[in-house]
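Remarks on the structure that follows.
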């Protein structure tokens, strides 16, 4: 059986939970407490030397890191990852957009607001993080203005990856008020059969 | 014919040049001057609303953004991207590592050192960028200690993506002195038939 070594409140880990539930794939969840150093133990670093959750462990012990790489691995040969070459590349385009232009702002703002004390010096980063977060949301809003899904005519792992932190952007002080197309897309994802909300 | 809209001194753009040369694929290079707003014009934003180079334009006008997604698209059905499911996922793992844990530090340090004035306030970011850059290099060094290539027995797009900024890390004040396995791997890439060095 597959094992996800992950942290339930992490959007990067929630991505995997969501896809596995939508696929109906059995899996075991090993909760890693990243707040008390759980991703820095020798055991964890042996699985991912980069010290980040999530990590997928296969039944034979092979391991894979990086949430979006794991999504692609799990989605191979399913409707969640197109087989056609250009459509597949478009999915990858949005997955890299998510990790480079979206997650470092939207997810980090959420992290600072939810888990750091009110007087923590990292709160000084919030204005810049929110500005960049809104830039990413504006790119998404424009793309979704005349589409239901990021790539093609049905949901793909690109939608799930972008959903993971977008749906919770407000917790980082990044309001979705000005993004009607994004809010409609969030509602479409939440209405998918077997959808599970994120642990809070 | 394929067109790359790119900036020669950008490592993210060099990745594409390098793969296209190694593949022997004909292409046209449209140099975009990002330093004078070339990636912010209406024409460019119509190709990539995220305003970043490189962009690949196919003969039929379709466009693709995100350097590592483009690498995968170009490498499909070649030895540069494994067909086997787990090996392919491992390549993606390193591509996401590069964009999340490596490029934002190694490339940004290089950018600040090469193109911003000596008294620019962003120079204050350098110590943190260099610390994180060394963390990424340490992960790479450990992985390469008993391997010639990042995934499998031959070079893949994972190697090319990581090579793009690693080989030039010193320009950002991130010395490769302490990384003998990385330096040997750089020499292996530079010895590949049809290898081209980056424009300076």
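Chains as they are written, first to last, in my numbering: chain A, 7 to 206; chain B, 7 to 206.
Heads up, the beta-carbon is just placed ideally off N, CA and C, and yes, glycines get one too.
All values derive from a computational prediction rather than experimental measurement.
- Counting only the Cα atoms, residue 116(A) lies some 29 Å from residue 97(B).
- Around the CB of residue 107(B), 16 or more other CB atoms lie within 10 Å, so the residue is classed as buried.
- With the criterion set as a beta carbon lying under 7 Å from some beta carbon of chain B, the segment 153-172 of chain A has no members that meet it.
- Neighbours of residue 92(A) in chain B, taken as residues whose beta carbon is under 9 Å from its own, are 64, 68, 70, 79 in chain order.
- At a cut-off of 8 Å between beta carbons, residue 55(B) contacts chain A.
- At a cut-off of 8 Å between C-beta atoms, residue 106(A) counts as an interface residue with respect to chain B.
- At least one CB of chain B lies nearer than 8 Å to the CB of residue 82(A).
- Nearest CB-CB separation between residue 113(B) and chain A: not below the 8 Å threshold.
- Each of 160(A), 196(A), 181(A) was checked against the Cα of residue 139(A), and the nearest Cα belongs to 181(A).
- Two segments are said to touch when three or more pairs of C-beta atoms, one from each, lie closer than 8 Å; by this definition the segment 40-56 of chain A does not touch the segment 184-203 of chain A.
- Residue 80(A) and residue 164(B) have their alpha carbons spaced roughly 20 Å apart.
- With a beta-carbon spacing of about 17 Å, residue 69(B) and residue 40(B) fall beyond the 8 Å limit used to define contacts.
- Apart from sequence neighbours up to five positions away, the residues of its chain that approach residue 189(B) with a beta-carbon distance below 7 Å are 182, ordered along the chain.
- Judged by beta-carbon spacing, residue 30(A) lies within the 8 Å limit of residue 200(A), meaning their Cβ atoms are closer than that value.
- Per DSSP, residue 29(B) lies in no beta strand (DSSP E); the unbroken alpha helix (DSSP H) holding it starts and ends at 17-29.
- Scanning its chain for C-beta atoms nearer than 6 Å, with the 5 sequence neighbours on each side dropped, one finds around residue 100(B) the residues 156, 164, in chain order.
- For the C-beta of residue 145(B), the chain A residues within less than 7 Å are, from N- to C-terminus, 55, 56.
- Any Cβ of chain B closer than 8 Å to the Cβ of residue 74(A) would place that residue at the interface, and such an atom is present.
- Any Cβ of chain B closer than 8 Å to the Cβ of residue 128(A) would place that residue at the interface, and such an atom is absent.
- According to the DSSP assignment, residue 100(B) belongs to the alpha helix (DSSP H) that extends over 91-103.
- Taking all protein chains in view, the Cβ of residue 14(B) is surrounded by fewer than 16 other Cβ atoms within 10 Å, so the residue is classified as exposed.
- Burial state of residue 10(A) is buried, judged by a 10 Å Cβ sphere holding 16 or more other Cβ atoms.
- The segment 82-89 of chain A and the segment 113-127 of chain A do not touch, with fewer than three beta-carbon pairs separated by less than 8 Å.
- For residue 11(B), the enclosing beta strand (DSSP E) covers residues 8-12.
- Taking the CA atoms as reference points, residue 178(A) sits about 16 Å from residue 104(A).
- Chain A has a Cβ within less than 8 Å of the Cβ of residue 148(B).
- Residue 43(B) has its alpha-carbon roughly 33 Å from the corresponding atom of residue 72(A).
- Take the alpha-carbon of residue 65(A) and the one of residue 8(A): they are about 6 Å apart.
- Its chain contains 88 as the residues whose beta carbon lies nearer than 6 Å to that of residue 94(A), once the 5 sequence neighbours on both sides are disregarded; these appear in chain order.
- Distance check between residue 186(B) and each of 153(B), 162(B), 170(B), 205(B) places 153(B) closest, using alpha-carbon atoms only.
- By the Cβ neighbour-count rule, residue 174(A) is buried, with 16 or more other Cβ atoms within 10 Å of its own.
- Assignment of residue 121(B) by DSSP, reduced to helix, strand and coil, places it in the helix class.
- Here the alpha carbon of residue 18(A) sits roughly 8 Å from the alpha carbon of residue 167(A).
- For residue 74(B), the enclosing alpha helix (DSSP H) has its first and last residue at 73-81.
- The shortest CA-to-CA distance from residue 198(A) to any of 45(A), 25(A), 135(A) is the one to 25(A).
- Non-local C-beta neighbours of residue 162(B) in its own chain, meaning closer than 6 Å and more than five positions away in sequence, comprise 86, 97, ordered along the chain.
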